[in-house]
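To start, the structure itself, in structure tokens.
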Amino acid sequence: MKKIKELLSHRRKKIRSMQMTISVSFTLLSVCCMCFLGVMLYQQFSKKAENLTVENSRQLINQTAINLEDYLRNMRRISDAMYYSVIKNTDIGSESLEDAMTLLYEANKDKLISVACYTNDGRLTEASPIATEKKGVDVKSQKWFQDAAGELENFHFSTPHVQNLFDDPSYRYYWVVSLSRTVELTRNGNTMLGVLLVDMNYSSIEQLLEKANTDTSGEYVYLMASDGEIIYHPKQNLIHMGLYEENNTEAAGYEDTTVKENFHGEKRLVTVKTISYTGWKLISVVPMKSFSMGMTGMRNLVVLLVALTVLAAVMLNQMVSARISKPLRRLNDSVKEWEAGNMNPDIYVGGSMEVEHLGKTLRSTVAQIRQLMDDIVVEQEEKRKSELDALQSQINPHFLYNTLDSIVWMITGERYDDAVFMITQLASLFRISLSKGKTVIKIEDEVKHARNYMNIQKIRYKNSFEVDFQIEEDILDGCIVKLVLQPLLENAIYYGMEFMDGEGEIHVRGYRKDKDVYLEVEDNGLGMPEEEAAELLNGKERPHKHGSGVGLVNVHSRLKLRFGEAYGLVIHSCPDEGMMVQIHIPYIPYTVETQKLLESGKDYSSVSASGKEGSE
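Taken in order, the sequence shown gives residues 24 to 639; the numbers are from this note's numbering.
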């Protein structure tokens, strides 16, 4: 540490001798460069700004055209679906189009006002939504019908108009754009022509174009028919009232390109895009005055930059001094932090080559010390995990042997149904027991494992006892060490039920209290004195007569190793009144992350800390 401080002091003296030369040189160079750069930037931005304006206008109109064409294409698909999937496959003399047409309308009613099919003489065949046709309406005289009649396989898009075909109970009037086409109808095996009408909601088109008219610089987009009739304009109401004019008549003759025009003394940049299927033209208008206003701001920006550079040159002496000394100060702060006891300081690496080398050396030293400490922690964790695995490995196949013997006796005695049930339960039991090598599973799986075990035991013991499970739903998704309920049930059977004269009862309960989970196994067996029961968890367990070899001490130790010293088993017993063994564990929701942390040997406190860090 002493050598490091001496090196830092030497560097400070060297800095003071360099400050004046660097300050003067850098000031003059900065002023000259910024003046030259300001002139070049203004010239370049002046050229680029106009090109950027044109390109932005093209991108806007192209994207709007794509959105509009997609919408119209969807309308064509609806029409195609109605024609090719329904009308062509239906004989209207004996079948109705109502169900299929209603289904199609309901699937697209946010985009449609109505769907209707007419014969070539103007008679309504079917419409959806179901409505009454207005009296006195001659559809043959309407433009959408005339455009479509006789032109098979052609689509026709109308300009916006008020739909006046059907009576609306709500007395509403809808602005629509009609998509019409000639179709072939089949009536009693004979083919005739008709017209399929799809009335699109004009508001959908209006919304698409409104999204393009959000610019506040004066740029706007409008839509017109091929003859110049305006379909949509952001100032449409003003145009109808004669308070605003648009150059739509002349724009109808423009090709798909960008042109400059002078309309009523205003210079404008106009971009034209023709919409497929319809012949409609999408027009983007950019006033040239908005471009000029942008360049005025650029000139002001260049002047401001030059002025700020001159001001910065005056203050540069102090700034250079601070910048040169900053790496040394930060490195010194890192050393002080280390001296204060922080074993994971953020050692600064930067500045000149010498300071950078010093920082890397310190960082390497700190990293080596931290690695040594981490190795010690890992060694302790591995030791803990080894102890846990050793306890887990005490499970032996004694239960399996007895169960297989029982299955053999059942088969020999021709009790095939019982044998099949035993094998099924045994398979499910061992599937959960294996758990793909996991030692931490869901409480739900552990309870299922216990149920399977008890189903087998009830058959083996010829239903000499009853068992019931009362498990609250909100704990089933919690984490638990596998194979902890089975040993408790095993003890309840072998030590509680074995010497009973009457019918035995075993109760399994599970519930949540505050932030902890409790699982209880209670029997009405012989029980034992409270003092003797307390000794069971101290390693003085009764010798195993029939059990699997996984005793209460084993379960108690595994729970403590996994969740901490505050958790494990609690035994309550009284002679001739039975015994209750309680599992006390924290409630930890089962996730892939928590399972992996617990599986790796982390205890409950480590898992909790990890969860808090993740949430932060």
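Glycine residues also receive a C-beta, built at the ideal position from the N, C-alpha and C atoms. What you are looking at is a predicted structure, and each value in this text was computed from that prediction instead of being measured.
Which residue's Cα is closest to the Cα of residue i: the options?
i: Leu147; options: Thr388, Ile136 and Lys163; result: Lys163
i: Pro602; options: Asp546, Arg386 and Lys583; result: Note that residue 602 corresponds to Met in the displayed sequence, not to Pro. Minimum Cα distance to Met602 is reached at Asp546.
i: Asp222; options: Val185, Ile494 and Ile84; result: Val185
i: Lys290; options: Thr297, Leu511 and Val282; result: Val282
i: Asp369; options: Met376, Glu377, Arg353 and Leu327; result: Arg353
i: Lys134; options: Tyr225, Thr76, Pro612 and Cys140; result: Tyr225
i: Ala104; options: Leu127, Thr113 and Leu560; result: Leu127
i: Cys58; options: Val325, Gly145, Glu278 and His607; result: Val325
i: Gly302; options: Met247, Thr447 and Gln509; result: Met247
i: Asp191; options: Val200, Ala172 and Ser137; result: Ser137
i: Gly382; options: Asp356, Arg581 and Ala515; result: Asp356
i: Asp428; options: Glu73, Ile479, Val372 and Ala123; result: Ile479
i: Thr87; options: Ile306, Gly276, Thr462 and Met264; result: Ile306
i: Leu188; options: Thr209, Gly159 and Glu284; result: Gly159
i: Gly374; options: Glu242, Val358 and Leu351; result: Leu351
i: Met321; options: Leu64, Asp114 and Val378; result: Leu64
i: Leu575; options: Phe586, Arg585, Val593 and Leu584; result: Val593
Span of the beta strand (DSSP E) holding residue i?
i: Val576; result: Careful: Val576 lies outside any beta strand (DSSP E), inside the alpha helix (DSSP H) at Leu575 to Phe586.
i: Asp238; result: Counting along the chain, Asp238 falls outside any beta strand (DSSP E), and DSSP gives it neither H nor E.
i: Val490; result: Phe488 to Ile494
i: Thr125; result: Where Thr125 is concerned, there is no enclosing beta strand (DSSP E), although the alpha helix (DSSP H) it sits in stretches over Glu121 to Ala130.
i: Val615; result: From DSSP, Val615 is part of no beta strand (DSSP E) but of the alpha helix (DSSP H) over Val615 to Glu622.
i: Val109; result: Premise fails: Val109 is in no beta strand (DSSP E) and is neither H nor E.
i: Ile253; result: Ile253 to Tyr255
Taking the alpha helix (DSSP H) that residue i belongs to, which residues open and close that run?
i: Glu473; result: Strictly speaking, residue 473 in this sequence is Ala, with Glu absent from that position. Element bounds for Ala473: Ile466 to Arg483.
i: Leu261; result: Gln259 to His263
i: Asn514; result: Leu508 to Asn514
i: Phe168; result: Lys166 to Ala171
i: Thr462; result: Careful: Thr462 lies outside any alpha helix (DSSP H) and carries neither H nor E.
i: Asn271; result: Asn271 to Ala274
Pick helix, strand or coil for residue i, following the three-state DSSP scheme.
i: Asn541; result: For the sequence presented, residue 541 should be read as Tyr rather than Asn. If DSSP states are grouped into helix, strand and coil, Tyr541 belongs with the strands.
i: Gly382; result: helix
i: Pro310; result: strand
i: Thr281; result: strand
i: Tyr245; result: strand
i: Gly550; result: coil
i: Phe189; result: strand
i: Gly527; result: strand
i: Glu289; result: strand
i: Arg532; result: strand
i: Pro350; result: helix
i: Ile611; result: coil
i: Val160; result: coil
i: Phe178; result: coil
i: Ile503; result: strand
i: Leu266; result: coil
i: Ser416; result: Unreliable placement is indicated for Ser416, whose pLDDT of 48 sits below 50; no coordinate value is reported for it.
i: Thr301; result: coil
i: Pro566; result: Unreliable positioning characterises Pro566 in this predicted model, as indicated by a pLDDT of 48, which lies under 50. The coordinate reading is nonetheless provided below. Coil at Pro566, not helix or strand.
Would you list the residues sitting across from residue i in a DSSP beta bridge?
i: Asn213; result: Arg210
i: Asp222; result: Ser137 and Ser201
i: Gln605; result: Glu543 and Val593
i: Ile153; result: DSSP output for Ile153 lists no bridge partner at all.
i: Ile115; result: For Ile115, which the question treats as bridged, DSSP gives no partner whatsoever.
i: Pro598; result: Answer is none; Pro598 lacks a bridge partner.
i: Val295; result: Ile306
i: Thr142; result: Gly217
i: Leu147; result: Tyr141
Is it the case that the CB of residue i approaches a heavy atom of the ligand NAD more closely than 7 Å?
i: Ile254; result: You won't find the ligand NAD in this model; it holds no ligand whatsoever.
Notebook entry, point to check: Is it true that the stretch 245-259 meets the stretch 152-161, where meeting means three or more beta-carbon pairs spaced less than 8 Å apart?
Noted result: Between the stretch 245-259 and the stretch 152-161, the count of C-beta pairs closer than 8 Å stays below three; the two stretches do not touch.
Next item on the list: Mind the definition here: the stretch 117-131 touches the stretch 230-242 only if three or more C-beta pairs lie below 8 Å; say whether that holds.
Entry: Cβ pair count under 8 Å is below three, so no.
Margin query: For the structure I just gave you, are there three or more beta carbon pairs, one from the stretch 88-106 and one from the stretch 298-312, closer than 8 Å?
Written below: These segments touch.
Next item on the list: Answer yes if the stretch 490-506 comes into contact with the stretch 461-480, meaning at least three C-beta pairs across the two stretches below 8 Å, and no otherwise.
Entry: A contact between stretches requires three or more CB pairs, one per stretch, nearer than 8 Å, and the stretch 461-480 meets this requirement with the stretch 490-506.
Note to self: Check whether the stretch 475-487 and the stretch 505-523 touch, using three or more Cβ-Cβ pairs below 8 Å as the test.
What the structure shows: Judged by Cβ distances under 8 Å, the stretch 475-487 makes contact with the stretch 505-523, as three or more pairs qualify.
Check: At a cut of 8 Å, does the stretch 255-272 reach the stretch 64-79 through at least three beta carbon pairs?
Finding: Three or more Cβ pairs closer than 8 Å define a contact, and the stretch 255-272 falls short of that threshold against the stretch 64-79.
Check: Using 8 Å as the Cβ pair cut-off and three pairs as the minimum, do the stretch 534-552 and the stretch 612-624 touch?
Finding: No, the stretch 534-552 does not touch the stretch 612-624.
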